[in-house]
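Visitor:
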Amino acid sequence: QVQLAESGGGLVQPGGSLRLSCAASGSILSSRQMGWYRQAPGNQRRSVAFLDPSGNTYYVDSVKGRFTISRDNAKNTVYLQMNSLKPEDTAVYYCNTNPIEYIWGQGTQVTVSS
Numbered sequence: 001q002v003q004l005a006e007s008g009g010g011l012v013q014p015g016g017s018l019r020l021s022c023a024a025s026g027s028i029l030s031s032r033q034m035g036w037y038r039q040a041p042g043n044q045r046r047s048v049a050f051l052d053p054s055g056n057t058y059y060v061d062s063v064k065g066r067f068t069i070s071r072d073n074a075k076n077t078v079y080l081q082m083n084s085l086k087p088e089d090t091a092v093y094y095c096n097t098n099p100i101e102y103i104w105g106q107g108t109q110v111t112v113s114s
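The numbers in my numbering rise by one with no breaks, and the one at position 17 of the sequence shown is 17.
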């Protein structure tokens, strides 16, 4: 069973940047559409961005132009570069495939606050 481990979250001021990483324990990136998801307090987990094996990307409207998803197949790692962060980006961020195939990791907390 592939395990997913997210990291890179933290506390950042509005307008700041963070880079999240998701390390997979197996070589799945080249054959799967990978995604970042987030869950804010009291809300359901929602999609943020996807990256397919061909390099095509998809972003929800609220993060377009600010977030960039990428991957390093050799490192089995997916990244999410987040710029111009807003308080509404505060959430726990997770990665997984799309559709979901693996058990969710612990996620990484992102808090945007002054």
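For each residue, glycine too, the CB sits at the ideal point set by N, CA and C.
Note down the Cα distance separating residue 38 from residue 18, rounded to an integer number of angstroms.
Guide: Approximately 14 Å, taken between the alpha carbons.
Visitor: Taking DSSP as the reference, what is the three-state secondary structure of residue 101?
Guide: Three-state DSSP puts residue 101 in coil, outside helix and strand.
Visitor: With distances taken between CB atoms, is the gap from residue 112 to residue 85 smaller than 8 Å?
Guide: Yes, the pair counts as a contact, with Cβ atoms nearer than the cut-off.
Visitor: Residues in the same chain with beta-carbon distance under 8 Å from residue 106, minus the five sequence neighbours each way, listed in chain order, please.
Guide: Closer than 8 Å at Cβ, skipping near neighbours: 5, 6.
Visitor: Which runs of the beta strand (DSSP E) spanning at least 3 residues fall entirely within the region 47 to 97, listed in chain order?
Guide: Segments of the beta strand (DSSP E) lying fully in the region 47 to 97: 57 to 59, 67 to 72, 77 to 82, 91 to 97.
Visitor: Using a 10 Å radius around the Cβ and a threshold of 16 neighbouring Cβ atoms, would you call residue 74 buried or exposed?
Guide: Exposed, by the Cβ-count rule.
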